[in-house]
Structure formats: C-alpha cells, structure tokens
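The structure appears right after this line, and notes come after that.
Residue numbers (our numbering): 1 to 196.
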C-alpha cells in the first residue's frame with residue numbers, strides 16, 4: 001500500500017510540476033469566491049506547501065547531521081553514511097530516524113559498548129527526536145505566518161489522521177483556514193465601511 005501511494009504521489013507530482021502554471025490560474029478563476037480572496041488562498045496554498053516541503057528537507061538534513069555527529073562521537077565506523085541514512089529515514093514520519101539509531105544502540109549494547117549505546121539513545125530521544133518538533137514549526141511558521149504552535153499541532157494531527165501526506169496537509173489546512181478567516185474578516189470590515 002505504501003509503495004502504491006508513493007508511486008501515485010510521484011506520478012501526480014510530475015504532472016503538477018509540468019502543468020502547474022496553467023492549472024493554478026484555472027483553479028483560482030473557477031473558485032466561487034471574490035478574485036482577491038481566491039488569489040489570497042492560492043498564494044497561501046503555494047507558500048505553505050513550499051515551506052513544508054523545504055522545512056521537511058532541512059529538518060531531515062539536521063537530524064542526519066546530528067546523527068552523524070553522535071555516531072562519530074561514539075566511534076561508529078562510517079558515521080557519515082549512517083547520518084545520510086538517518087536523513088533519508090527522517091523524511092518518512094512513520095519510520096523516522098529511530099529506524100537507524102535504535103538498531104545502532106542495540107548493536108553497541110550487544111558488543112558491550114554500554115556508554116556508547118547510552119549516548120546514542122540519549123541523543124536519539126532528546127537531540128534528534130526534538131529537532132523535528134522544534135525546527136519544523138520554526139521553519140514552516142516563519143515563512144507562512146502560521147504560529148509555531150499551530151504548525152506543530154497540525155503537523156502531528158495531520159500525520160495521525162493521514163499518515164505521510166499529513167506533513168503537508170495539516171499545516172496547509174491551518175494556513176488556508178487562517179487565510180480564509182483573514183479574507184472574510186477584511187471583506188466584512190469593507191462592507192461595514194461602505195454601509196457607513
């Protein structure tokens with residue numbers, strides 16, 4: 001099921017990237033909303049999607065770098081390779097970087113390197129694990145104007161409800177809700193000014 005979803009996602013992404021310049025304006029003009037509201041919602045949609053994808057990449061790179069540093073500290077051979085694997089795994093929220101650091105910690109424990117295993121576990125839980133919860137809201141929230149706490153809550157809720165696609169859909173839903181709220185509030189103020 002995961003491979004099918006991933007394959008369809010890549011297929012759709014290809015056509016969206018190829019035809020996005022014509023699809024976007026067509027969707028905006030077809031919305032049954034005022035042109036300014038439609039444009040605002042479309043701009044927010046693009047901004048949040050771009051920020052979420054870029055933020056996911058940066059968070060994965062940070063987690064991979066932290067993992068590589070941790071593995072180098074404990075003397076694990078090929079620490080950079082393990083860090084790259086951790087960065088790739090960090091892009092998959094259902095799996096995450098724990099798929100790399102937990103087996104490494106178990107291996108170190110099995111060969112008798114107790115303190116190294118403890119360092120890997122502490123780094124994995126505290127440093128690497130919290131990097132996602134701290135960096136993602138900062139990176140996505142800064143670019144989109146969505147509060148950090150709301151990005152965190154909607155990302156976690158999106159992952160819980162929708163799985164992998166929830167990383168984008170959760171913050172996107174929050175940003176579109178806030179954009180619609182702002183547009184409707186501005187329209188209401190404008191009607192009140194015209195009525196006076």
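Here a beta-carbon is modelled for each residue, glycine too, at the ideal position from N, C-alpha and C.
What do you get for residue 6, buried or exposed, if any count of 16 or more other CB atoms within 10 angstroms of its CB means buried? Around the CB of residue 6, fewer than 16 other CB atoms lie within 10 Å, so the residue is classed as exposed.
Only counting the same chain, and skipping five residues up and downstream in sequence, which positions put a Cβ closer than 6 Å to that of residue 146? In the same chain as residue 146, and ignoring 5 residues on each side of it, the C-beta atoms closer than 6 Å to its own belong to 174, 175, in chain order.
Going by DSSP in three states, residue 9 sits in which element: helix, strand or coil? Residue 9: helix per DSSP, three-state reduction.
Measure from the alpha carbon of residue 74 to the alpha carbon of each residue in 104, 50, 98, then state which is nearest. Comparing alpha-carbon positions, the option among 104, 50, 98 lying closest to residue 74 turns out to be 104.
Counting pairs of Cβ atoms below 8 Å between the segment 70-85 and the segment 130-146, do you hit three or more? Counting Cβ pairs under 8 Å, fewer than three are found: no touch.
Endpoints, the alpha helix (DSSP H) within which residue 38 is located: Per DSSP, the continuous alpha helix (DSSP H) segment holding residue 38 begins and ends at 35-73.
Under 8 Å Cβ to Cβ from residue 58, same chain only, skipping five residues before and after it: list those, please. For residue 58, same chain residues with a beta-carbon under 8 Å away, outside a window of 5 residues either side, are 135, 139 in chain order.
So what does DSSP say about residue 78, is it helix, strand or coil? In the structure shown, residue 78 sits in coil (DSSP, three-state: anything other than H, G, I, E or B).
Taking one C-beta from the segment 100-119 and one from the segment 6-26 each time, how about it: are there three or more such pairs within less than 8 Å? Contact check between the segment 100-119 and the segment 6-26: fewer than three CB pairs, one atom from each, fall below 8 Å, which does not count as touching.
Run of the alpha helix (DSSP H) containing residue 157, from where it starts to where it stops: 148-162 is the span of the alpha helix (DSSP H), which, as asked, contains residue 157.
Buried or exposed for residue 132, please, with buried defined as at least 16 other CB atoms from any protein chain shown within 10 angstroms of its CB. Buried, by the Cβ-count rule.
Are residue 101 and residue 120 close, meaning C-beta to C-beta below 7 Å? Yes, Cβ-Cβ distance for residue 101 and residue 120 is below 7 Å.
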